[in-house]
Amino acid sequence: MTSTSPTETHVAPQADHGDPARSWLGRIAEGRAWLFLAGLIICFEVWSRFSFGATFVLNPFNVQSIAIFAVAPLLLATGQTFVIISGGIDLSLGFIMGLAAVVAAHATNMAGAAIPLPLAMLAGILAAVLVAGVPGVINGLLISRLRIPPFIGTLGMFGVARGTAFLLAGGTTVPVQNSWFALLGNGRFYGVPYLVIIAAVFVVVMHYILSQTRFGQHNYAIGANVQAARRAGIDIRGHILRLYVLSAMCAGLGGALYAARFTAGAAQAGEPLLLDSVAAVVIGGASLFGGSGTIFGTVAGALVIAVIQYGLVFVNVEPFWQFIAVGLVIIISVLIDQAQRRFSGARQDE
Amino acid sequence: MNSSEQTTPLLEVRHLSKHFGAVQALNDFSMAVRPGEVVALAGDNGAGKTTLIKAISGVFQPTGGEILLRGQPVTFATPQEAREKGIETIYQDLALADNLSIGGNIFLGREPMRKVLGFLPVLDRKAMAVAAQQTMGRLDFHVSRLDAPVSNFSGGQRQAVAIGRAVYWDAQILIMDEPTAALGVPEQRKVISLIHQLKAQGRGVIFISHNLQDIFAVSDRIVVLRRGVQAGERKISETNHDEVVKLMVGG
């Protein structure tokens, strides 16, 4: 901003703050991912009934499959939500998840030789989450101390985690020999898969952290105006470090659950999920400029992607259309987001 | 002699110097701010105003001289320390997080917490909103939508939020860097009246501006900086625009 003399005419900024249409629009935009999801499910329901005379969404098997399908991308996307709200991005999550899946398999097998199987399972999950934290710490230090842009720092860690995961796995998949671990990945509690229960609890905890704690509040502030956050006395470096450790550990849990579901660890486990995680966050209403986004928006975003992918298979469309459909949804989401911003006159730069 | 000049100054700087390598940004500069006094700091770009306020607000250490708070010498290692001692700087870009509410901004970095179910700590948004309303009320500034993000507010309202934050944390000295820049005329008047409120509450204000009209509307004294040295100090009642401009440009 430059100084101006009072004789200059000004278009008073934000002069329309009494406009009720804006808050109405804002509310619609916040819920748009859920609306999108509902519309999508209705589309597939109609499509399915007309083509095959079968229900899509009222079939519990479909619901269960979509939910399980969404678990791993959702775990990555919750971590990614925190990072994107802060104005950063974490490109390394996919291969951190792969690394964690391999570590979970190895650690569960090794521990299984010494301690009871349920304890070995817990040791495997713990090892996966802790090892995942290591690239998270490196990401955090690179970005907060050495001031490497998040895009570049985590892109480097994408390669490092990828190579490490393949080396640890010996270039192949690592089978898990632990019946408890297999049960965790495939068992059900009153018809609800354990994986879905774990993901649901996890999402609630992450929502609490983002919306109800100082960490979450500071995350929003940093994403909106890092100078303001610094002047308010927030420890930016410490926050950024914790932030990337948190997102890496989300991917670590995702890797452990992958190993449980497939009873094997694979370095490429999360490879296709990285971009899905970013897409879920964006579809969920977050801005890549930082400062906005919610966990429940991201849940809707992850479900939108899962429904598209599963639904297109269900109605017998060639799988390659999934990529096109998800890609279009991302673009449409960002277009709606931009239109809404223009409407509400929100500042994007400051 | 005005009686207010006999009271101990809230803030006094004595013989303050700051150099960056060979560049002498501030040289043997002295000034004082008394309770309820608005002191304008004027000077051309590069005259040393920003260096001065950064030294006072703890952004960096002066090379020489001392800073006294109510007569006691103080040093600030960080802006945080200066803030804890009651010196708040309100910057041109306002330093607000646009996506947070007024309360969220007032409490940024020191959010109040409450316990849910007896053990789970959560942000106490209600306490923040109540404090926001009371604080803004003290500035004669009434807002109805306490949960709206401050991006919805006008420039003058946002300026008031930044001042409100300082008032809430009981800042005794407010350093305001170009608070009326980039505002429309009605908004500038609003900020000027806010400064009058602060003055009436007995706080000290250092008011930095290029705008002589605003300086004359709100200040008690004016201190002019030129190339890092004090070029003059006048009571507003005893000077005029021409003299101040001459001091600024060295005519």
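Residue numbers (my numbering), protein chains in the order written: chain A, 683 to 1032; chain B, 12 to 262.
Every residue gets a Cβ at the ideal spot worked out from N, C-alpha and C, and that includes glycine.
Computed from a prediction, not measured in an experiment: that's the story for all the values here.
Short-range partners of chain A found in the region 190-217 of chain B, where Cβ spacing is below 9 Å = Listed by position, the residues of the region 190-217 of chain B near chain A (Cβ gap below 9 Å) are T191, A192, A193, L194, G195, V196, P197, E198 and Q199.
request  = For G54/B, decide whether its Cβ has a neighbour in chain A, counting only Cβ atoms nearer than 8 Å.
outcome  = Your numbering for residue 54/B matches position 43 in the second sequence. Closer than 8 Å to the CB of G54/B there is not a single CB belonging to chain A.
query = With S68/B and P90/B assumed to form a contact (beta carbons below 8 Å), what rounded beta-carbon distance in angstroms separates them?
reply = As a working mapping, residue 68/B is identified with position 57 in the second sequence. As a working mapping, residue 90/B is identified with position 79 in the second sequence. About 5 Å; that satisfies the 8 Å criterion.
ask   = Going by beta carbon distance, what residues of the same chain come within less than 6 Å of A759/A, once the five residues before and after it are set aside?
value = On the first sequence, residue 759/A is found 77 positions in, with the first residue counted as 1. A distance below 6 Å between beta-carbons, with the five flanking residues on each side excluded, links A759/A to the following residues of its chain, in chain order: S959, A962, V963, T980 and A984.
message = Nearest by alpha-carbon distance to Q969/A: which of F751/A, I771/A and V753/A is it?
response = On the first sequence, residue 969/A is found 287 positions in, with the first residue counted as 1. The sequence given here places Ser at residue 969/A; Gln does not occur at that position. Of F751/A, I771/A and V753/A, the smallest CA-CA separation from S969/A is found for I771/A.
Outcome for I1013/A when other beta-carbon atoms lying within 10 angstroms are tallied against a minimum of 16 = Looking up residue 1013/A in the first sequence gives position 331. A residue is called buried when at least 16 other Cβ atoms come within 10 angstroms of its Cβ; I1013/A does not meet this threshold and is exposed.
ask   = Interface residues of chain A around N110/B at Cβ under 7 Å?
value = Reading the second sequence from its first residue, position 99 is the one you call residue 110/B. Correct list: Y902, A906, G973 and S974.
inquiry  = To the nearest angstrom, how far is the alpha carbon of Q38/B from that of D55/B?
reply    = To locate residue 38/B, count along the second sequence from 1; it is residue 27. To locate residue 55/B, count along the second sequence from 1; it is residue 44. In the sequence as displayed, the identity of residue 38/B is Asn instead of Gln. Their backbone Cα atoms lie some 16 Å apart in a straight line.
query = What residues in the region 110-130 of chain B have a beta carbon less than 9 Å from any beta carbon of chain A?
reply = Listed by position along the chain: N110, L111, G115, N116, F118, L119, G120, R121, E122, M124 and V127.
Test: G915/A CB closer than 8 Å to a CB of chain B = Locating residue 915/A in the first sequence gives position 233, where the first residue counts as 1. Yes, contact with chain B.
task = Could you tell me whether the Cβ of T895/A comes closer than 8 Å to any Cβ of chain B?
result = In the first sequence, counting from the first residue as 1, residue 895/A sits at position 213. T895/A counts as touching chain B.
message = Suppose you measure from the CA of E77/B to the CA of E92/B; what does that come to, to the nearest Å?
response = Translated into positions along the second sequence, residue 77/B becomes position 66. Translated into positions along the second sequence, residue 92/B becomes position 81. The straight-line gap from Cα to Cα measures roughly 16 Å.
ask   = Closest Cβ-Cβ distance between A968/A and chain B: below 8 Å?
value = In the first sequence, the residue the question calls residue 968/A occupies position 286. No, no contact with chain B.
ask   = How would you write the range of the alpha helix (DSSP H) that A800/A sits in, first residue to last?
value = Taking the first residue of the first sequence as 1, we reach residue 800/A at position 118. Going by the sequence as given, residue 800/A is Pro instead of Ala. Counting along the chain, the alpha helix (DSSP H) containing P800/A begins and ends at L799 to S826.
request  = Starting from the N-terminal side, write out each stretch of the alpha helix (DSSP H) that is 4 residues or longer and does not extend beyond the region 897-960 of chain A.
outcome  = Whole alpha helix (DSSP H) segments, 4+ residues: 908-913 and 918-944.
query = The alpha helix (DSSP H) spanning K137/B covers which residue range?
reply = The residue given as residue 137/B occupies position 126 in the second sequence. Following the DSSP letters along the chain, one finds K137/B inside the alpha helix (DSSP H) bounded by residues R136 to R149.
key: Burial state of I217/B (16 or more Cβ within 10 Å)   = As a first step, residue 217/B is located in the second sequence; it is residue number 206 there, counting from the start. When all chains shown are included, I217/B counts as buried.
inquiry  = Could you check whether V986/A and V1016/A sit closer than 8 Å to each other, using their CB atoms as the reference points?
reply    = As a first step, residue 1016/A is located in the first sequence; it is residue number 334 there, counting from the start. As a first step, residue 986/A is located in the first sequence; it is residue number 304 there, counting from the start. Result no, Cβ atoms of V1016/A and V986/A do not sit closer than 8 Å.
inquiry  = Does S624/A pass the burial test, meaning 16 or more other C-beta atoms within 10 Å, or should it be called exposed?
reply    = Because chain A here runs from 683 to 1032, residue 624/A falls outside it and cannot be looked at.
query = Candidates Y940/A, I724/A and R924/A: which alpha carbon is nearest I825/A's?
reply = Sequence index remark: in the first sequence, residue 825/A carries index 143 (1-based). Of Y940/A, I724/A and R924/A, the residue nearest in Cα terms is R924/A.
Where S685/A falls, given that 16 or more other Cβ within 10 Å makes a residue buried = Indexing the first sequence from 1 puts residue 685/A at position 3. For S685/A, the predicted structure reports a pLDDT of 39, less than 50, and the residue's modelled location is therefore unreliable. The matter cannot be settled from this model.
task = Taking Q144/B as the reference, give the member of K257/B, L134/B and I117/B with the closest Cα.
result = Position 133 of the second sequence, counted from the start, is the residue given in the question as residue 144/B. Comparing Cα-Cα distances from Q144/B to each of K257/B, L134/B and I117/B, the minimum goes to I117/B.
request  = Please state if the CB of T250/B and the CB of I233/B are separated by a distance shorter than 8 Å.
outcome  = What you label residue 233/B is simply residue 222 of the second sequence in a count that begins at 1. What you label residue 250/B is simply residue 239 of the second sequence in a count that begins at 1. Their beta carbons are under 8 Å apart, which means I233/B touches T250/B by this criterion.
ask   = Got a sec: is the Cβ-Cβ distance from A140/B to anything in chain A below 8 Å?
value = Stepping through the second sequence from its first residue, residue 140/B is reached at position 129. Against chain A, the CB of A140/B has no partner CB under 8 Å away; the residue lies outside that interface.
ask   = Based on the DSSP output, what are the partners of I233/B in its beta bridges?
value = Here the question's residue 233/B lines up with position 222 in the second sequence. DSSP links I233/B through a beta bridge to A51/B and R245/B.
ask   = Which residues does DSSP pair with A100/B in a beta bridge?
value = Residue 100/B sits at position 89 when you count from the first residue of the second sequence. The question names Ala, but residue 100/B is Thr in the sequence shown. According to DSSP, which records beta bridges pairwise, T100/B is partnered with I186/B.
key: Proximal residues of chain A, C-beta to C-beta of V133/B below 9 Å   = Mapped onto the second sequence, residue 133/B falls at position 122. In chain order: Y890, S893, Q894 and T895.
task = Can you check DSSP and say which residues form a bridge with S220/B?
result = Mapped onto the second sequence, residue 220/B falls at position 209. Paired residue(s): none; S220/B is not in a bridge.
query = Under 8 Å Cβ-Cβ, which residues of chain B neighbour A911/A?
reply = For this step, residue 911/A is matched to residue 229 along the first sequence. A108, L119 and G120, listed in chain order.
message = Can you confirm whether Q899/A, when its beta carbon is compared against all beta carbons of chain B, has any partner nearer than 8 Å?
response = The sequence position of residue 899/A within the first sequence is 217, counting from 1. Yes, contact with chain B.
inquiry  = Contact criterion: CB-CB distance below 8 Å. Does Q91/B meet it with respect to chain A?
reply    = In the second sequence, the residue the question calls residue 91/B occupies position 80. When Cβ-Cβ separations below 8 Å define contact, Q91/B makes contact with chain A.
query = Hey, how far is the Cα of A715/A from the Cα of Q1022/A?
reply = If you number the first sequence from 1, residue 715/A lands on position 33. If you number the first sequence from 1, residue 1022/A lands on position 340. C-alpha separation (whole angstroms): 14 Å.
request  = Could you work out which residue in D253/B, L258/B, I247/B and V255/B is closest to E48/B when comparing CA atoms only?
outcome  = As a position in the second sequence, residue 48/B is number 37, starting the count at 1. Among D253/B, L258/B, I247/B and V255/B, the Cα nearest to that of E48/B belongs to I247/B.
Euclidean distance between Cα positions of M259/B and A53/B = Your numbering for residue 259/B matches position 248 in the second sequence. Your numbering for residue 53/B matches position 42 in the second sequence. So the alpha carbons of these two residues sit roughly 7 Å apart.
ask   = The alpha helix (DSSP H) spanning V883/A covers which residue range?
value = By one-based count along the first sequence, residue 883/A stands at place 201. Following the DSSP letters along the chain, one finds V883/A inside the alpha helix (DSSP H) bounded by residues Y876 to Q894.
message = How far does the alpha helix (DSSP H) with S733/A in it extend, from its first residue to its last?
response = Numbered from its first residue, the first sequence carries residue 733/A at position 51. Taken as a continuous stretch (DSSP letters only), the alpha helix (DSSP H) holding S733/A covers R714 to F734.
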